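Student: Structure below; questions to follow.
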Amino acid sequence: LGLLKHCLFLANTDTRLHAYTSLIRATLEYASVTWHPHNANLTCLESVQNKAARFISRSYSPSQSVSELKISLNLSCLSTRQKLARLSFFHSLYHSDSSFATSHLYPAHHISNHVDHALKVLPVFAHTKKYQNSPLVLSIEEWNSLPDNLVSIIDSNSFRTALTSFL
Numbered sequence: 051l052g053l054l055k056h057c058l059f060l061a062n063t064d065t066r067l068h069a070y071t072s073l074i075r076a077t078l079e080y081a082s083v084t085w086h087p088h089n090a091n092l093t094c095l096e097s098v099q100n101k102a103a104r105f106i107s108r109s110y111s112p113s114q115s116v117s118e119l120k121i122s123l124n125l126s127c128l129s130t131r132q133k134l135a136r137l138s139f140f141h142s143l144y145h146s147d148s149s150f151a152t153s154h155l156y157p158a159h160h161i162s163n164h165v166d167h168a169l170k171v172l173p174v175f176a177h178t179k180k181y182q183n184s185p186l187v188l189s190i191e192e193w194n195s196l197p198d199n200l201v202s203i204i205d206s207n208s209f210r211t212a213l214t215s216f217l
């Protein structure tokens with residue numbers, strides 16, 4: 051981010067935003083589907099985006115809300131983007147014929163007509179906190195909480211679009 055600040059000092063907002071999203075944010079989110087930063091690490095990553103929002107908009111005033119800046123720049127929270135990526139990846143796994151899906155994703159034993167959807171997956175019991183916050187366990191938990199009309203979408207692009215508007 052420091053290098054961008056130095057190189058793009060006189061650049062306009064659109065150029066700064068494009069540079070941030072293609073260079074910095076892409077690095078922050080790289081492979082987050084598989085390693086899922088939790089709590090402290092996620093806070094550090096979010097602070098980088100907050101600093102970037104101030105840099106992009108050239109608003110360093112402490113009275114200016116960073117949340118408002120991110121909304122005006124259309125920068126969603128990294129945690130939301132990671133959840134979107136995680137669920138999109140899980141959707142592609144669920145609807146694939148991969149050996150992983152057939153050997154690790156089982157239908158739930160009990161599906162309530164009032165609360166659950168028909169594609170509910172058997173939750174994985176995690177013995178440790180570390181495993182409890184792993185991407186697979188989180189994805190299954192989040193997948194099971196999605197509405198029926200969303201999980202029944204087969205096409206990956208349509209699912210991602212619908213999920214974006216849902217989140």
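Each step along the sequence shown adds one to the number in the working numbering, with nothing skipped, and position 133 is 183.
Just so it is clear, CB atoms sit at the ideal spot from N, CA and C, and this is done for glycine as well.
Source: prediction; values computed, not measured.
#1: Does the stretch 85 to 92 come within contact of the stretch 119 to 139, defined as at least 3 CB pairs closer than 8 Å?
#2: Would you tell me roughly how many angstroms separate the C-alpha atoms of residue 56 and residue 173, rounded to the nearest one?
#3: Taking the C-alpha atoms as reference points, what is the distance between residue 171 and residue 90?
#4: If we count Cβ pairs, one from each stretch, closer than 8 Å, do we get three or more for the stretch 92 to 102 versus the stretch 140 to 154?
#5: Taking a contact to mean a Cβ-Cβ separation below 7 Å, would you say residue 213 touches residue 137 in this structure?
#6: Would you mind sorting residue 190 into buried or exposed? The rule is 16 or more other CB atoms within 10 Å of its CB.
#7: Using the three-state DSSP reduction, which class does residue 165 fall into: helix, strand or coil?
#8: Using three-state DSSP, classify residue 174 as helix, strand or coil.
#9: Closer than 8 Å is the cut-off here; do at least three beta carbon pairs connect the stretch 159 to 171 with the stretch 193 to 205?
#10: Please report the Cβ distance between residue 107 and residue 63, rounded to the nearest whole angstrom; I am assuming they are in contact, meaning their Cβ atoms lie under 8 Å.
#11: Helix or strand or just coil, what does DSSP make of residue 185?
#12: May I ask which residues mark the beginning and end of the alpha helix (DSSP H) holding residue 99?
Tutor: Short version:
#1: yes
#2: 48 Å
#3: 29 Å
#4: no
#5: yes
#6: buried
#7: coil
#8: coil
#9: yes
#10: 6 Å
#11: helix
#12: 90 to 107
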